[in-house]
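As numbered in numbering that gives the first Met the number 0, the sequence shown has no gaps in its residue numbers, which increase by one up to the final residue, 127.
Following: one structure in structure tokens, then a few remarks.
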Amino acid sequence: MVEDSGAFSAEVMSFVRAYLRSVWSLELLLLMRQKSDRIWAIDELTQELRASDLIVGRIIQDFQQFGLVIESSPGKFRYSAANSALHELVDQIAKLYAVRPVAMIDAIVNSPKHRIQSFADAFKFKRR
């Protein structure tokens, strides 16, 4: 069954394009939002998501710049949307993901920014 991400509001799609560069980003944001009173270390988030420190670290760095996460103490982070409008949008994203996960994932994976970045990443050379 394929879901249509086109039914999401323009505001939701703008958020997805601007803030959610991967499904990891979505999962991390929703985890931290769900447990917003908890202060997390990178390794705890890494373990919870079964991701790498590099991925989680980059997402946290992005989320700090976006006003979604604050550093409570050195190396410790918690969800804290910069304003109520942003918080309400994150709540809306969580609700949509709960009822239409495939459509939300599709919106992330098929966002123009994600496709361009994936293409560019294919040409990166790793240093040894």
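Ideal placement from N, C-alpha and C gives every residue a C-beta, glycine not left out.
Express the C-alpha separation of residue j and residue i in angstroms, rounding to a whole number.
i, j, result
"Arg20", "Ser13", "12 Å"
"Gly74", "Ile54", "15 Å"
"Gln60", "Ala6", "30 Å"
"Val108", "Ala97", "17 Å"
"Ser92", "Arg49", "Here the sequence assigns Ile to residue 92, which means Ser is not the residue at that position. One C-alpha to the other measures close to 22 Å."
"Leu129", "Ser35", "Beyond the ends of the chain as shown, which are 0 and 127, falls residue 129; an answer cannot be given."
"Val89", "Phe76", "17 Å"
"Met0", "Ala102", "Residue confidence is low: Met0 scores 43 on pLDDT, short of 50, so the model does not pin down where it sits. Its coordinate-derived value is still stated next. Answer to the nearest angstrom: the Cα atoms are 10 Å apart."
"Phe62", "Tyr18", "8 Å"
"Ile104", "Asp52", "22 Å"
"Ser83", "Gly56", "25 Å"
"Ala106", "Glu87", "19 Å"
Based on Cα-Cα distance, which residue from the options lies nearest to residue i?
i, options, result
"Pro134", "Val22, Ala9, Tyr18 and Glu10", "The displayed coordinates of the chain run from 0 to 127. Any statement about residue 134 would go beyond what the structure contains."
"Phe65", "Leu85, Glu47 and Ser51", "Leu85"
Less than 8 Å between the beta carbons of residue i and residue j, yes or no?
i, j, result
"Arg32", "Tyr78", "yes"
"Ser71", "Ile38", "yes"
"Leu30", "Glu10", "no"
"Ala80", "Leu67", "yes"
"Ile69", "Leu27", "no"
Mark residue i as exposed unless 16 or more other C-beta atoms lie within 10 angstroms of its C-beta, in which case mark it buried.
i, result
"Ser8", "exposed"
"Ser24", "buried"
Run through the DSSP bridge pairs and tell me what residue i is partnered with.
i, result
"Ala40", "Lys75"
"Glu70", "Phe76"
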